[in-house]
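For the sequence shown, the working numbering begins at 2 and goes up steadily by one.
From the three backbone atoms N, C-alpha and C, an ideal C-beta is built for every residue, glycine too.
Notes follow once the structure below has been shown.
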Amino acid sequence: MRLNVQTNEAEVQCHQLVWGEEEQIYKQFGLFSLILGADICYVEEALEPLWNTIDRLLSSDGSVWLAFTRRNVPIRSVLEHAARRRFVFQAPETEDGVYIFTRRGAKSWQKGCSPK
């Protein structure tokens with residue numbers, strides 16, 4: 002990612018974020034209104050620290066855009082972890098695609114639903 006930023010001379014900052022170890026990022030940057038993730042749900046054991054990190058770093062009215070491609074983890078597991086933290090979601094037309102999560106009750110343009 003850093004090489005991509007340098008190559009394109011973009012004005013962004015890159016920082017490593019280890020799921021479950023988000024406190025330093027929080028202290029430095031605070032809460033985020035948007036968290037993007039792509040192809041990051043491939044080990045069941047990583048879902049708990051992933052959603053703990055999202056829950057800690059996302060602002061109350063923020064959203065998470067998660068591009069999901071099934072690897073070893075079914076989308077149902079991802080949605081259950083999100084629901085435990087009171088997130089609702091907008092699903093893509095197929096299982097693989099971009100899921101948009103918001104906090105239940107957040108004022109947002111997305112309509113959410115819970116896992117069936």
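Over what stretch of residues does the alpha helix (DSSP H) that includes Thr54 continue unbroken?
Segment Leu48 to Leu58, the alpha helix (DSSP H) holding Thr54.
Starting from Tyr151 and walking both ways along the beta strand (DSSP E), at which residues does that stretch end?
Because the chain spans 2 through 117 in this model, residue 151 falls outside it and cannot be assessed.
Here's a check: name, in chain order, each residue in its chain whose Cβ is nearer than 7 Å to the Cβ of Ile55, leaving out the five neighbours to either side.
Contacts found: Ile36 and Val65.
In the DSSP assignment, find the beta strand (DSSP E) that holds Leu32 and state where it starts and stops.
Where Leu32 is concerned, there is no enclosing beta strand (DSSP E), given that its DSSP letter is neither H nor E.
Helix or strand or just coil, what does DSSP make of Leu80?
Leu80: helix per DSSP, three-state reduction.
Which residues does DSSP pair with Leu37 in a beta bridge?
Partner(s): Trp66.
Considering only the beta carbon of each residue, do Leu58 and Phe33 sit closer than 8 Å?
Yes. Within cutoff.
Nearest candidate by alpha-carbon position, reference Arg71, set Thr103, Glu96, Val13 and Gly21:
Of the listed residues, the one whose Cα sits closest to Arg71 is Glu96.
With distance defined between alpha-carbon atoms, name the residue in Val74, Asn5, Asn9 and Ala107 nearest to Glu49.
Out of Val74, Asn5, Asn9 and Ala107, Val74 has the C-alpha closest to the C-alpha of Glu49.
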